[in-house]
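Residue numbers (the numbering used here): 39 to 281.
Structure, rendered in structure tokens:
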């Protein structure tokens, strides 16, 4: 039986892909984003592993309204691609049930190793959509913001483009961190090189996850940063071509 480390589930997600979604938040992430609202998912292999069939039995109870809304199942995190074999097994079962499948990823664990690429090729057969978080186009700023470079993340975006795998690009707009006009224009230029982007979303920064940092005994690095003003969000949307 295939098992994975699951942090939590949300049975009626409305912002994680089309329609109403059954959202599975996986445990584990390699990035340490300063604005992360799920730091409790960072640690890998935390808690008891969950069997694919146990999840499927729960998902089946929601199928009528998932399908009625043209929704489906989204796997988020954390970083779901850290548990790629679990995703393959889960999405195989979802497709047997006729469900739309989506992965919300920052691609921080993407690797060109033969084993990862082979697993990814299989996963793509059962994945309808990727929500790809591009947090900062400037590599040095990306390292400051997330502790890791973005070169392999951009390579992942290019791979999905070559595979014509449908993608929604997501960009969290953090004042002073990801909202510089030059960075936004460079991000827009990169997005324009991709042939598979169905939508671009600008997600205004918020502080709703600060309490989780406090509960974990972590110092929140952006405590003095307020959400962006509406005109700042509007400008970013215009630059990135958000419809």
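From the three backbone atoms N, C-alpha and C, an ideal C-beta is built for every residue, glycine too.
Remember, predicted model here, so these are calculated numbers, not experimental data.
Residue 53 and residue 103 have their alpha carbons spaced roughly 16 Å apart. Ranked by how close their Cα comes to the Cα of residue 245, the residues 265, 230 and 110 have 265 in first place. Under the three-state reduction of DSSP, residue 217 is assigned to coil, being neither helix nor strand. In this structure residue 117 is buried. Its beta-carbon is surrounded by 16 or more other beta-carbon atoms within 10 angstroms. A distance of 9 Å or more separates the beta carbons of residue 141 and residue 149. Residue 175 sits away from residue 132, with the two beta carbons spaced by 9 Å or more. In summary, residue 123 is exposed, with fewer than 16 beta-carbon neighbours lying within 10 Å of its beta-carbon over all protein chains present.
For the set 263, 75 and 110, the Cα lying nearest the Cα of residue 49 is the one of 110.
One thing to note: residue 66 has its Cβ within 9 Å of the Cβ of residue 121. Residue pairing by DSSP places residue 140 opposite 112 and 167 in a beta bridge. In terms of Cβ geometry, residue 72 and residue 183 form a close pair [threshold 9 Å]. A straight-line Cα-Cα distance of about 27 Å links residue 179 and residue 281. Residue 215 holds the alpha-carbon nearest to the alpha-carbon of residue 270 among 256, 164, 215 and 74.
In this model, residue 239 and residue 86 are separated by some 34 Å (Cα to Cα). Rounded to whole angstroms, the separation of the alpha carbons of residue 127 and residue 225 is 34 Å. In the three-state reduction of the DSSP assignment, residue 44 falls in the strand class, which pools E and B.
With respect to the 9 Å criterion, residue 91 and residue 39 are classified as neighbours on the basis of their beta carbons. Assignment of beta-bridge partners to residue 131 by DSSP yields no partner. As a beta-bridge residue in DSSP terms, residue 51 pairs with 59.
A straight-line Cα-Cα distance of about 8 Å links residue 231 and residue 196.
By the CB criterion at 9 Å, residue 107 and residue 64 fall outside the cutoff.
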